[in-house]
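Its first residue numbered 117, the sequence shown is counted upward by one per residue in the working numbering. Virtual Cβ for every residue (Gly too), placed ideally from N, Cα, C.
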Amino acid sequence: MVGPRLGARRGCRRTHHRAHPHRQPRFRRGEAGGVRIVPVGLLLRLAVLAVLVVFIARPELFGGLLAPLNSDDKPAIYNQGSLLGLTVEHLELVLAATVCSTVVAILLAVLVTRPSGREFLPLSRSLVNIGQTFPPVAVLALAVPAIGFGWQPTFIALFLYGLLPIFENTMTGLTTLPPAVMEAARGMGLTDRQRLFRVELPLALPIILAGIRLTAVIGLATATIGSTVAARTLGEVIIAGLISDNLAFIVQGGLIVAVLAVLLSDALSALERVLAKRVGRIAAQGN
Numbered sequence: 117m118v119g120p121r122l123g124a125r126r127g128c129r130r131t132h133h134r135a136h137p138h139r140q141p142r143f144r145r146g147e148a149g150g151v152r153i154v155p156v157g158l159l160l161r162l163a164v165l166a167v168l169v170v171f172i173a174r175p176e177l178f179g180g181l182l183a184p185l186n187s188d189d190k191p192a193i194y195n196q197g198s199l200l201g202l203t204v205e206h207l208e209l210v211l212a213a214t215v216c217s218t219v220v221a222i223l224l225a226v227l228v229t230r231p232s233g234r235e236f237l238p239l240s241r242s243l244v245n246i247g248q249t250f251p252p253v254a255v256l257a258l259a260v261p262a263i264g265f266g267w268q269p270t271f272i273a274l275f276l277y278g279l280l281p282i283f284e285n286t287m288t289g290l291t292t293l294p295p296a297v298m299e300a301a302r303g304m305g306l307t308d309r310q311r312l313f314r315v316e317l318p319l320a321l322p323i324i325l326a327g328i329r330l331t332a333v334i335g336l337a338t339a340t341i342g343s344t345v346a347a348r349t350l351g352e353v354i355i356a357g358l359i360s361d362n363l364a365f366i367v368q369g370g371l372i373v374a375v376l377a378v379l380l381s382d383a384l385s386a387l388e389r390v391l392a393k394r395v396g397r398i399a400a401q402g403n
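Now the structure itself:
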């Protein structure tokens with residue numbers, strides 16, 4: 117009697133083992149039927165971006181929506197230049213100023229957080245505060261007599277105005293690192309330079325990126341005033357609308373700048389969250 121029972125049990129085990137490969141697969145969150153589901157938020161962002169691109173490249177398609185904004189026969193679509201060209205030049209100017217502000221602000225913050233450079237902290241703070249002390253309009257008024265009209269005065273204004281957020285955030289990121297992680301880096305025998313590039317800056321990156329985001333978004337909106345000194349930005353569309361009392365022009369320029377600022381801020385915020393999670397895991401491992 118023992119033999120048949122044992123054989124039956126073994127048979128059941130073999131049957132169960134064979135059925136194993138046919139189990140229903142487990143799908144992770146965001147998947148259905150083996151197909152990964154794209155988040156609704158991402159689809160909405162992509163849709164807004166697609167509409168914005170079409171609005172910039174083919175504004176005549178939206179003439180019917182903008183026409184009611186004008187009570188007379190004034191043109192509803194900006195016809196004094198290319199919206200696409202102005203948008204590209206606007207973004208190029210903001211990008212150049214933001215990159216330069218980022219490089220200078222991070223270098224200053226790194227300098228004053230080293231033992232040999234702490235005495236320069238008051239001077240560095242005074243320098244980066246210049247952009248906040250003098251508003252961009254005042255910087256333009258001072259720069260135009262010195263270097264003339266064009267994109268250069270606007271670049272200087274955006275560069276100076278963008279220093280403070282990045283400098284302060286970099287300072288915060290470098291001075292609030294987890295002590296356990298820093299001790300582990302020293303215990304590994306890393307030099308000061310290796311700790312800076314392999315540990316300190318990567319861990320401080322989410323906070324630094326928050327400052328860069330603030331600088332870029334403010335610069336994107338502030339660059340419109342550059343058109344008052346002959347810089348080619350989307351401010352040309354707004355100024356043309358103000359001069360000719362054309363509300364449709366004003367809405368076009370303002371809408372493009374506003375949507376670009378929102379999309380840029382949203383994208384950089386998403387990147388901040390990803391980096392913050394990564395830094396959190398590294399800090400937890402260090403503890």
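Would you give the residue range spanned by the alpha helix (DSSP H) that residue i belongs to?
i: residue 285; result: 279-291
i: residue 171; result: 156-173
i: residue 322; result: 317-338
i: residue 217; result: 199-228
i: residue 239; result: 237-244
i: residue 310; result: 308-311
i: residue 304; result: Taken as a continuous stretch (DSSP letters only), residue 304 belongs to no alpha helix (DSSP H), as it is neither H nor E.
i: residue 360; result: 351-360
i: residue 263; result: 252-263
i: residue 181; result: 179-182
For residue i, does the count of other Cβ atoms within 10 angstroms reach 16, so buried, or fall short, so exposed?
i: residue 263; result: exposed
i: residue 156; result: exposed
i: residue 332; result: buried
i: residue 304; result: exposed
i: residue 319; result: buried
i: residue 365; result: buried
i: residue 282; result: buried
i: residue 159; result: exposed
i: residue 292; result: exposed
i: residue 338; result: buried
i: residue 285; result: buried
i: residue 177; result: exposed
i: residue 143; result: Note that residue 143 scores a pLDDT of 46, beneath 50, so its modelled location is shaky and nothing firm can be said.
i: residue 362; result: buried
i: residue 91; result: Here the chain has residues from 117 to 403 only, and residue 91 is not among them.
i: residue 310; result: exposed
i: residue 180; result: exposed
i: residue 316; result: buried
i: residue 396; result: exposed
From residue i to residue j, what does the alpha carbon distance come to, in whole angstroms?
i: residue 168; j: residue 376; result: 8 Å
i: residue 348; j: residue 206; result: 7 Å
i: residue 259; j: residue 265; result: 9 Å
i: residue 394; j: residue 381; result: 20 Å
i: residue 336; j: residue 233; result: 33 Å
i: residue 341; j: residue 253; result: 8 Å
i: residue 213; j: residue 384; result: 17 Å
i: residue 391; j: residue 197; result: 40 Å
i: residue 184; j: residue 367; result: 12 Å
i: residue 137; j: residue 329; result: Low per-residue confidence applies at residue 137: pLDDT is 49, beneath 50, and the placement is therefore not dependable enough to give any value.
i: residue 195; j: residue 273; result: 29 Å
i: residue 201; j: residue 231; result: 48 Å
i: residue 171; j: residue 374; result: 13 Å
i: residue 357; j: residue 174; result: 19 Å
i: residue 386; j: residue 321; result: 13 Å
i: residue 182; j: residue 314; result: 52 Å
i: residue 236; j: residue 295; result: 24 Å
i: residue 277; j: residue 255; result: 10 Å
i: residue 388; j: residue 229; result: 23 Å
i: residue 371; j: residue 307; result: 50 Å
i: residue 302; j: residue 267; result: 47 Å
i: residue 257; j: residue 244; result: 19 Å
i: residue 186; j: residue 369; result: 15 Å
i: residue 275; j: residue 312; result: 25 Å
i: residue 193; j: residue 199; result: 10 Å
i: residue 279; j: residue 327; result: 9 Å
Write down the C-beta distance between residue i and residue j rounded to the nearest angstrom, noting that I regard them as a contact closer than 8 Å.
i: residue 379; j: residue 162; result: With a Cβ gap of about 10 Å, residue 379 and residue 162 do not count as contacting.
i: residue 271; j: residue 209; result: 6 Å
i: residue 289; j: residue 324; result: 5 Å
i: residue 345; j: residue 269; result: 5 Å
i: residue 190; j: residue 343; result: Incorrect: roughly 20 Å between the Cβ atoms, too far for contact.
How about the stretch 210-219 and the stretch 232-240: do they share at least three Cβ pairs that are nearer than 8 Å? no
The stretch 221-235 touching the stretch 350-360, judged by at least three CB pairs closer than 8 Å: no
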